[in-house]
Structures are given as C-alpha cells and as structure tokens.
Amino acid sequence: VESLGDGTHGVVLTRHEAPDAKLLLAAGWSLQPHTVAQSYCLFLAAAGHLPVVGRLAPGFSGLPGRTAYVPERRLRRLAGARAARSPATRIPRAAWGRVVAGYD
Numbered sequence: 013v014e015s016l017g018d019g020t021h022g023v024v025l026t027r028h029e030a031p032d033a034k035l036l037l038a039a040g041w042s043l044q045p046h047t048v049a050q051s052y053c054l055f056l057a058a059a060g061h062l063p064v065v066g067r068l069a070p071g072f073s074g075l076p077g078r079t080a081y082v083p084e085r086r087l088r089r090l091a092g093a094r095a096a097r098s099p100a101t102r103i104p105r106a107a108w109g110r111v112v113a114g115y116d
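Residue numbers (our numbering): 13 to 116.
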C-alpha cells in the first residue's frame, strides 16, 4: 500500500475497526470523536521508506523496521506488475520470519 499523507510504501500488519488509544496518541493523532470514528491500520514501511504521517517511535510497537498508525482511508493499494516474481514493495530484512512469512 501507499500512504497518501507522505507517499510511504509498505504493508498493513493489522487493521483496527476501533482505533487503539495508545497507538493513536503515540502516532500524534487526537482522541477527538472524528478521529476515533474511523478504522486505523498499523503499517510497516518498506525498506528504504521513512513514514512521516502517523509515525511511531522506533521500537514502540516491538516490531522491527519503521512503523506508522494511519487512518485506513489514507492508504491506497499499490498496483504492482501482474505475475511479477518479486513484490514491488520490499519488506525490511529484520521483519522476515519474525513478523512476515509471506504475502500476496
């Protein structure tokens, strides 16, 4: 996916229909009714990408790599090449095996 806020590429690790208050605050979002009335995604940035919008402090989530917590509506599916052997988005090396075993 691509973050529409800053152009960062990455993968969605989890989607929260009801946002997590701790993650919202850590990512710089408010707890206002309009903020918590939408779904949010924990997003792992691709290798070489640095999220700006909704960025979580390194190590905050306990995951390797750079993460962000962003509204789902601010993410867009990346259209990669069909039948490509390797993905258009490179997963950070430290995430393989620990967080990601594969994706489609």
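For every residue, glycine included, the Cβ atom is placed at its ideal position computed from N, Cα and C.
What you are looking at is a predicted structure, and each value in this text was computed from that prediction instead of being measured.
Here the C-alpha atom of Gly-60 lies approximately 12 Å from the C-alpha atom of Thr-79.
A straight-line Cα-Cα distance of about 10 Å links Ala-33 and Ala-39. The beta-carbon distance between Pro-63 and Ser-15, rounded to whole angstroms, is 6 Å. This is short enough to meet the 8 Å contact definition. With at least 16 other beta carbons inside 10 angstroms of its own, Arg-67 counts as buried. Annotation: Ala-30 to Leu-36 spans about 11 Å, alpha carbon to alpha carbon. By the Cβ-count criterion, Leu-87 is buried, with 16 or more other Cβ atoms from all chains shown falling within 10 Å of its own Cβ. In the three-state reduction of the DSSP assignment, Val-48 falls in the helix class.
The DSSP-derived three-state label of Leu-25 is strand.
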